[in-house]
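One structure is given below, encoded as structure tokens.
2 protein chains.
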Amino acid sequence: MTAPRVPDVFDLIDRIDPLIDARDFPAIVEAISPASVDEVASLLKRLTVTEGAVVFRLLTKDRAVRVFEQLSAGVQSDLVHALKDAEVAEIFADLDPDDRVELLDELPATLAPRLLRGLSDKERRLTAAVLGYPKGSVGRRMTPEYISAREDSTAGEALERVRLRIDDAEAIYTLPVLDDSRHVVGVIGLKDLMRARPEDRVADLMRRPTVATAYADAEEAARTCASAGYLAIPIVDNESRLVGMLTIDDAMRVLQHEESEDAARQGGVEPLRRPYLATSIRSLASTRIVWLLVLAVGATLTVQVLEVFEATLEEVTVLALFVPLLIGTGGNTGNQAATTITRALALGDVRPRDVWRVLARELGVGLSLGTLLGLLGGTITSLVYEPRIGLVIGLTLLAVCAMAAAIGGVMPMIARALRVDPAVFSNPFISTFVDATGLIVYFVIARAVLGI
Amino acid sequence: MTAPRVPDVFDLIDRIDPLIDARDFPAIVEAISPASVDEVASLLKRLTVTEGAVVFRLLTKDRAVRVFEQLSAGVQSDLVHALKDAEVAEIFADLDPDDRVELLDELPATLAPRLLRGLSDKERRLTAAVLGYPKGSVGRRMTPEYISAREDSTAGEALERVRLRIDDAEAIYTLPVLDDSRHVVGVIGLKDLMRARPEDRVADLMRRPTVATAYADAEEAARTCASAGYLAIPIVDNESRLVGMLTIDDAMRVLQHEESEDAARQGGVEPLRRPYLATSIRSLASTRIVWLLVLAVGATLTVQVLEVFEATLEEVTVLALFVPLLIGTGGNTGNQAATTITRALALGDVRPRDVWRVLARELGVGLSLGTLLGLLGGTITSLVYEPRIGLVIGLTLLAVCAMAAAIGGVMPMIARALRVDPAVFSNPFISTFVDATGLIVYFVIARAVLGI
């Protein structure tokens, strides 16, 4: 039990693989019974869809629902396709409304109405409330099954209300405090209610609320909840009236998905639906080929630029030696700026309207870096080759660093202003863009300095 | 209250900046009083250290401690330096032991003993327990102030124990269940205890525990807690005995720090200590210069490689035109592979010992991508230039893609095996490395095909 968790899952796979092949169901049940819910979920993600369905069917019903809740929507939808309709309907009815909606988004449109029809009236109504918000909004990820407290009640009354409603609620550890018109006027932790004297007034115990509107971006709301370390934040309508709660576990799911997507996009790949080793080589290649082709087509620009300057190159072949160094440095500087600004946008540290401030700062950073590299590179090149070549290299490094930092910093801002994911202007994209412009700068400077 | 949160903080800064300059304390108090704790924390991060200290002093004591807890350790330590010793001692005493230790790690060694001396015996003992674990381990991030339940007790008894100990505990929503020797045999949510009948046995209500040892990597344990959506996981010693709980808010802090670090490193920059706009141009440049210099030095390899093949270049100048395209494509393919594998390592989807599997898969992906790009690039080049040049370009694209994917995939694995952060082999690093090798491949193929 004390071993680190990750190896456990791989050990479990090694033990369970032959059991599945042999269809030895009792042995499978025995193998997974000591595993916790998250370990079983981790196992299912790593098995093939058919193998996963075999293991899933062997779980007790209660465990099955808990395991299912922990799978990503992609893996859930694969599993749903491998299970029988009756099995799916049973799990579907036991999910929380927000988890249900997340799954529906992944399923084919024909399946969704059939599943919804199988729900009780109450569950269908709760699900419909969540389904009413646009995709990507926090309204889709909130739970409508919360317990609220009234501003004018006492701690004892609020606790009694928790006890009465506990069976129907998903979120109970953070209670939104409401006034007569259902406006959120505060929040209070269950712990604070339990610590208070029964006659203490909720209004005196509550703290100021951090809320998000149901139409707000799910990632932004999730980050607010998670980085403040709240167990849940109230979600309100446009009139500040409570409509649901975003719980920390749902916030975590949103963030983990977004972080994986950002990390992938920044490297110029699409995120994987399943763990790396459970993804086929064909799927891996398909997450990369589109970007690689786009970038290769973009890179033909560099061929054209060099063709324009071919005569210069033939005259002074030594200029060709520095091409990879110069465009490489430009690409690196651009990547550094883009990485910093993309993260700052994700954390809400920079807003689209700060674009001019960012441009000015990145130009400043690029000029500082370029001056240093230019002096260094220029001097060394002067000594090894000749002073005029050194001057060309020094000036080009200065110009390319300043330009690359400015472009790299502003690109993610433009993306955000256009309402596309800033990480789409990935590092490879910026490198390619900076390559072509860097070459033009290089040859213009070379011609001027060398007088050709 | 319904507006999205991020603009609020910036509005608050705009309103508060002149008030701080005017030293108009009552107006500052009024401006921040409707803000929630996380909004004030967000404000403090974005002010200068001196301005932050002014605002911080105006908070009520209870709010001050809550705000302080939400700041990153870097910002906390800046603030501590700006406050008076007595003020620091007061806040320090009110922090949870794990938060205290996180702050101590950031403070100069001379300050730590002074602060520890100011604590009560009990608090000092609790802090010492956490301080005993190595830096980077989850033992440093756990809270020793938890409430446990006994396996052989009833739900009613367990709830009574929660009520009695609630004032001293940080983690109360997830209770570890212990046997007679303090081994963790299960966990139970406070909600499940409250829903149960008082006479129900804890042993029947609890679920299988997911635990981590106190010496385990903090990031790994935090990811286990967060991705399973647990509010806390038990932390045990090497004999499986409970020593503390890792709560979700502390897990979130660990993960947010690691994600920021990974995102930064992958772009070849060091993470920022404060929000982007609150960081000086000088500090921004200093987070980038070291990597940029290292990469520029690495890139001089490409100059040397090209020098070796200078005669070939002079003979067939057209070869120079494709240098940026070829090394760019190599860099992109390498980045894609590195990004995918770095994320897979962070998520625990790939272990160091899978290195051969990763190598084989990435070679497969690289060969598929290379075949496609090679056929396309070779054909187009044949038509625009001449067939022999087309053959050189096609073959080089094939070879470079296969090589770059293999190198990009294996590099993060090597880093992990050497116990350094896989993100240190950043995308710029891999590009630079692949550039030099790609050029050698290019000219070797060109010489062979063109017979020079």
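Respectively, the protein sequence lines represent chains Y and W.
Each residue of the first sequence is one higher than the last, beginning at 0 in numbering that gives the first Met the number 0.
Each residue of the second sequence is one higher than the last, beginning at 0 in numbering that gives the first Met the number 0.
Ideal Cβ placement from N, Cα and C applies to all residues, glycine included.
With a contact defined as Cβ atoms closer than 8 angstroms, residue 246 of chain Y and residue 230 of chain Y qualify at about 7 angstroms. Positions of the alpha helix (DSSP H) runs, each at least 4 residues long and wholly inside the stretch 120 to 164 of chain Y, are given as 120 to 130 and 154 to 164 in order along the chain. Across the stretch 194 to 218 of chain Y, CB contacts with chain W closer than 9 angstroms involve 194, 206, 207, 208, 209, 210, 211, 212, 215 and 216, in sequence order along the chain. Apart from sequence neighbours up to five positions away, the residues of its chain that approach residue 402 of chain W with a beta-carbon distance below 8 angstroms are 329, 365, 433, 436, 437 and 440, ordered along the chain. Counting only Cβ-Cβ distances below 9 angstroms, residue 36 of chain Y has contacts in chain W at 206, 207, 209 and 227, in chain order. A check of alpha carbon separations from residue 392 of chain W across W:319, W:137, W:256 and W:251 identifies W:319 as the nearest. For residue 174 of chain W, the enclosing beta strand (DSSP E) stretches over residues 173 to 177. Look at residue 206 of chain Y here: in three-state DSSP terms it is strand.
Cβ-Cβ distances below 8 angstroms link residue 78 of chain Y to 43, 48, 51, 52, 55, 67 and 70 in the same chain, with the five nearest sequence neighbours on each side left out; the list follows chain order. Residue 279 of chain W counts as exposed, since fewer than 16 other C-beta atoms from the protein chains shown sit within 10 angstroms of its C-beta. Counting of Cβ neighbours within 10 angstroms places residue 265 of chain Y among the buried residues, the total reaching 16 or more. Here residue 331 of chain Y is buried. Its C-beta has 16 or more other C-beta atoms within 10 Å.
Closest in C-alpha terms to residue 307 of chain Y, from the list Y:139, Y:443, Y:190 and Y:76, comes Y:443.
Within the model, the alpha-carbon separation for residue 13 of chain W versus residue 137 of chain W is close to 39 angstroms. Boundaries of the beta strand (DSSP E) harbouring residue 185 of chain W: 183 to 188, taken from the DSSP string. Annotation for residue 299 of chain Y: no residue places its beta carbon closer than 7 angstroms to its own, counting only its chain and skipping 5 residues before and after. Between residue 97 of chain Y and chain W, the shortest Cβ-Cβ separation is not below 7 angstroms. When DSSP reads this structure, residue 288 of chain Y sits in no beta bridge, so it has no partner. Assigned with DSSP and collapsed to three states, residue 117 of chain W falls in coil, not helix or strand. Classified as exposed, residue 447 of chain Y has fewer than 16 neighbouring CB atoms from the shown chains inside 10 Å of its CB.
Counting only Cβ-Cβ distances below 7 angstroms, residue 284 of chain Y has contacts in chain W at 364, 367 and 368, in chain order. Cβ proximity to chain Y below 7 angstroms picks out 288, 291, 294, 295, 298, 299, 301, 302, 305, 306, 309, 312, 313 and 316 from the stretch 288 to 318 of chain W. Judged by their CB atoms, residue 404 of chain Y and residue 361 of chain Y are nearer to each other than the 7 angstroms cut-off.
Considering only W:385, W:65, W:207 and W:28, the residue with the shortest C-alpha distance to residue 40 of chain W is W:65. In the same chain as residue 191 of chain Y, and ignoring 5 residues on each side of it, the C-beta atoms closer than 6 angstroms to its own belong to 204, in chain order.
When DSSP states are grouped into helix, strand and coil, residue 233 of chain Y belongs to the strand group. Residues of the stretch 66 to 78 of chain Y with a C-beta less than 9 angstroms from any C-beta of chain W: 68 and 69, listed in chain order. The Cβ of residue 172 of chain Y sits closer than 7 angstroms to at least one Cβ of chain W.
At a Cβ-Cβ threshold of 7 angstroms, residue 97 of chain W and residue 59 of chain W do not count as neighbours. Taken atom to atom, the span from the alpha-carbon of residue 24 of chain W to that of residue 350 of chain Y is near 28 angstroms.
Between residue 155 of chain W and residue 169 of chain W, the alpha-carbon positions lie close to 21 angstroms from each other.
Using a CB distance cut-off of 7 angstroms, residue 436 of chain W does not count as an interface residue toward chain Y. Just so you know, the alpha carbons of residue 368 of chain Y and residue 296 of chain W end up roughly 14 angstroms apart. Our two residues, residue 291 of chain Y and residue 90 of chain W, have alpha carbons roughly 53 angstroms apart in a direct line. For the C-beta of residue 276 of chain W, the chain Y residues within less than 9 angstroms are, from N- to C-terminus, 343, 348, 349, 353, 356, 357 and 360.
In the structure shown, residue 349 of chain W adopts coil according to DSSP, grouped into three states.
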